Amino acid sequence: MKINPFQQALTTYRTIIVATVTFSVAINILMFVSPLYMLQVYDRVLHSRSEMTLIMLTLIALAMLGIYGLLEWIRSRVLVRAGMRFDEMIAKGVFSRVITSSLKSPQSRSEFALMDIDRLREFLTGSGLIALCDLPWMPIFIAVCFFFHPLIGWISVAGAVIIFLLAIANEFATKKHLSQATNYGQQAIHFSNSTLQNVEVIRALGMENSLRGRWDGMHRQMLESQALASDRSGALLSLSKFVRMGLQTIILGAGAYLALEAQISPGSIIAASIMMGRALQPVDQVVGQWKQFIGARQAYARLHKIFIEMPDEDERLKLPTPKSTLTVEQVAVLAPGGKAPLIQGVNFEVKPGEALAIVGPSGAGKSSLVRALVGVWPTAAGSIRLDGSELQHWDVDELGKHLGYLPQSVELFAGTIAENISRFRDDATPEKIIAAAKIARVHEMIQNMPDGYDTQIGVGGRQLSGGQRQRVGLARALYESPAVVILDEPNANLDSDGEEALNQVIAELKAQQKCVLFVSHKMSLVVVSDKTLVVAGGRMQGFGPTRDLLQPKPAVTTIAAPQGEASEYNQNRTAAS
């Protein structure tokens with residue numbers, strides 16, 4: 001059985017934990033230095049009045065404390081490096097799974113798994129884990145307290161039990177509210193991120209106050225849950241500190257009483273107080289780090305879930321570079337999480353050098369079909385083959401290199417024009433970038449920009465107009481000359497010059513023996529295709545040579561479509577023919 005990367009990372013980290021525990025053993029042994037020093041000073045030096053003994057004891061204690069500090073530094077450094085290694089092992093896997101999860105379930109808010117990596121790493125490299133490593137030493141320190149006197153030992157036991165009970169109370173008092181706060185916070189962040197992608201619409205339609213009110217409601221719910229959890233945790237933490245400081249006073253008082261009764265030496269009073277403080281310190285730290293511990297536990301559960309639900313895909317044999325033949329057989333497509341097919345019963349084949357136009361009324365299922373053709377949505381039935389191999393037989397990254405895709409809503413990424421055209425690949429070269437831009441007829445437009453190909457376009461490409469985004473997106477689709485080019489409404493934002501350039505692009509791609517598919521409502525673009533696929537009502541209504549389908553035959557003019565759209569479609573088609 002294959003172990004997922006998350007489990008492998010945890011297994012690797014466990015070896016680091018063993019090293020950390022080893023350092024913790026030495027560190028906790030060196031914690032005896034201070035009480036032993038005080039014991040010797042009060043019981044030996046003050047009685048003998050030997051300055052040389054005091055000097056030697058002080059030098060020895062300082063040397064041991066220096067080693068203690070060095071080991072603490074090494075332990076912290078080891079944990080930080082281990083945390084970085086842990087992050088490296090799972091970060092790429094989490095990112096890939098977040099993309100897959102977002103495609104399968106857009107409302108899953110799986111993007112927060114990326115934040116969970118940081119939350120879990122911070123716990124594994126911080127004081128919370130160190131406190132857990134030091135916690136097993138508490139019984140040893142308490143046993144030493146019993147060595148001084150049973151009364152001091154029982155006081156230490158009582159203090160440890162009280163603080164431990166406070167930690168359990170902290171768990172029950174805050175767990176529910178911290179979980180709610182995390183959920184509300186994720187909702188607020190998800191809502192704000194999706195909302196801010198449409199700032200122009202928000203401002204133009206006067207939606208700012210309404211959307212701000214909705215975000216504020218989510219944010220306030222998060223704050224209220226977090227405040228309630230913090231209030232309860234703060235009260236228990238304050239009570240824990242009071243108990244610890246009170247126990248220090250009680251120990252000193254009990255030690256003084258026992259010294260007056262000649263049952264312990266005066267030096268034991270100070271030594272016992274220090275020892276009890278060492279015993280209770282890890283428990284006190286665990287209580288103080290409880291919120292971080294809860295967050296790390298929740299992050300672990302979510303990461304574990306996403307790795308279990310989405311195991312690694314089996315490594316696929318690298319297939320030869322396709323020659324562009326795309327075959328679709330009885331394909332049906334479901335939206336992620338949907339039950340009824342959005343489109344079904346589609347059959348066609350497009351060969352190298354051919355262009356297929358996909359036409360039909362709005363809502364007919366054209367974009368759903370396109371998403372299946374590029375492998376974004378899986379098919380519910382039938383098969384889509386590229387040179388005879390089904391799309392799922394291809395490695396995802398390898399398939400992407402052979403596909404050029406321009407979605408209906410063009411989304412560019414923060415960065416330069418060159419980076420967007422090159423798909424942010426590390427092996428991108430200026431020659432490949434410029435070649436794609438020239439084929440897309442966008443090279444001159446880019447040259448006229450302030451920084452040319454190095455122009456920063458902002459989040460979502462907001463520095464560009466709609467037409468410019470579409471043309472840069474077309475250049476991105478054509479990067480490295482893919483075998484199959486699929487364009488969804490490529491001329492939606494183009495002017496007449498842009499449409500003419502697009503027609504030239506399609507003609508050039510056909511001359512290069514590429515397989516071209518495009519969705520369009522405009523007959524000026526449909527006429528450049530070799531074949532046309534007509535869809536309506538989620539079903540294939542016709543397929544054949546474009547010149548035949550454009551003839552004004554009654555069988556074609558009565559395409560099932562809403563009356564207004566069908567009339568406009570037939571008028572455009574008749575004019576084009």
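Numbering (our numbering), first residue to last: 1 to 577.
Positions of the beta carbon are idealized from the N, C-alpha and C atoms, including for glycine.
All of these numbers come straight from a predicted model, not from anything done at the bench.
Legend entry - Within the region 279-345, ranges of the alpha helix (DSSP H) (whole runs, at least 4 residues): 290-309
Legend entry - Under 8 Å between C-beta atoms of Gly353 and Lys510: yes
Legend entry - As assigned by DSSP and simplified to three states, the class of Leu260: It is helical.
Inset, instruction - Could you have a look at Tyr453 and say whether DSSP puts it in helix, strand or coil? - result: helix
Legend entry - Buried versus exposed call for Leu120 [16 or more other C-beta atoms within 10 Å across all chains shown]: buried
Inset, instruction - Would you give the residue range spanned by the alpha helix (DSSP H) that Gln7 belongs to? - result: Gln7 -> alpha helix (DSSP H) spans 5-30.
Legend entry - Outcome for Met52 when other beta-carbon atoms lying within 10 angstroms are tallied against a minimum of 16: Met52 comes out exposed.
Legend entry - Inter-residue CB distance, Gly467 and Asp427 (contact presumed, cutoff 8 Å): About 30 Å; that fails the 8 Å criterion.
Inset, instruction - Excluding the 5 residues preceding and the 5 following Gly83 in the sequence, name in chain order all residues of the same chain whose CB lies nearer than 6 Å to its CB. - result: Arg121, Leu124, Thr125
Legend entry - Distance between beta carbons of Ile308 and Ser240, contact taken as under 8 Å: Going by Cβ atoms, the distance from Ser240 to Ile308 rounds to 36 Å, so no, they are not a contact pair.
Legend entry - Collapsed DSSP secondary structure at Asn347 in the structure displayed: strand
Inset, instruction - Assign Asp134 to buried or exposed, taking buried as 16 or more other Cβ atoms, counted over all protein chains shown, within 10 Å of its Cβ. - result: By the Cβ neighbour-count rule, Asp134 is buried, with 16 or more other Cβ atoms within 10 Å of its own.
Inset, instruction - Return helix, strand or coil for Ser389, following the three-state DSSP convention. - result: Strand.
Legend entry - Buried versus exposed, by CB contacts within 10 Å (16 or more), Asp284: buried
Inset, instruction - Please list, in chain order, all residues of the same chain as Ala555 whose beta carbon is under 7 Å from its beta carbon, the five residues on each side excluded. - result: Bear in mind that a pLDDT of 43 at Ala555, under 50, signals an unreliable position, so the number given afterwards is only what the model happens to contain. Excluding positions up to five away in sequence, the list is empty.
Inset, instruction - State the Cα-Cα distance for the pair Gly253 and Val157, rounded to the nearest angstrom. - result: 17 Å
Legend entry - Per DSSP, the bridge partner or partners of Lys531: Leu356, Pro545
Legend entry - Alpha carbon of Val144 to alpha carbon of Ala63, nearest angstrom: 23 Å
Inset, instruction - Look at Ala26 and Met138 and say whether their C-beta atoms are less than 8 Å apart. - result: no
Inset, instruction - Out of Gly69, Arg49, Ala235, state which residue places its alpha-carbon closest to the alpha-carbon of Ala167. - result: Looking at the Cα atoms, Ala235 is the closest of the given residues.
Legend entry - For Val78, three-class secondary structure by DSSP: helix
Inset, instruction - Below 8 Å CB to CB, which residues in the same chain sit around Tyr68 once its five sequence neighbours on both sides are set aside? - result: Ile27, Leu30, Met31, Val33
Inset, instruction - Rank Ser273, Lys305, Ser233 by C-alpha distance to the C-alpha of Val286 and give the top, closest one. - result: Ser233
Legend entry - Proximity to Ser101 [Cα-Cα], best of Gly363, Leu342, Lys305, Pro482: Lys305
Inset, instruction - Would you list the one or two residues that DSSP bridges to Val484? - result: Leu403, Cys515
Legend entry - Assumed close pair Gly538, Gln344 - CB separation to whole angstroms, cut-off 8 Å: 6 Å
Inset, instruction - Spell out the partners DSSP gives Met540 in its beta bridges. - result: Val535
Inset, instruction - Could you pull the start and end residues of the alpha helix (DSSP H) that Val472 belongs to? - result: 466-477
Legend entry - Reduced DSSP category for Ser409 - H, G, I as helix; E, B as strand; rest coil: coil
Inset, instruction - May I ask you to verify whether the region 471-487 touches the region 414-432, counting CB pairs closer than 8 Å and requiring at least 3? - result: Inter-segment contact for the region 471-487 and the region 414-432 is present: three or more beta-carbon pairs are separated by less than 8 Å.
Legend entry - Sequence-distant residues of its chain with Cβ nearer than 6 Å to Ser367 (five each side left out): Gln408, Asp488
Legend entry - Gly437, enclosing alpha helix (DSSP H) - first and last residue: Correcting the residue type first, residue 437 is Ala in the shown sequence and not Gly. Looking at the DSSP string, the run of the alpha helix (DSSP H) that includes Ala437 is 430-439.
Legend entry - Element boundaries [alpha helix (DSSP H), containing His443]: Element bounds for His443: 443-447.
Legend entry - Backbone secondary structure at Val556 - three-state DSSP: A caution first: Val556 carries a pLDDT of 41, below 50, which makes its placement in the model too unreliable to give a value.
Inset, instruction - Enumerate, from N- to C-terminal direction, the unbroken alpha helix (DSSP H) stretches of 4 or more residues contained entirely within the region 142-197. - result: 150-195
Inset, instruction - Measure the CB-CB distance between Gly42 and Ile270 and report whether it falls below 8 Å. - result: It is Tyr, not Gly, that sits at residue 42 in the sequence shown. In this structure, Ile270 lies closer than 8 Å to Tyr42 by Cβ.
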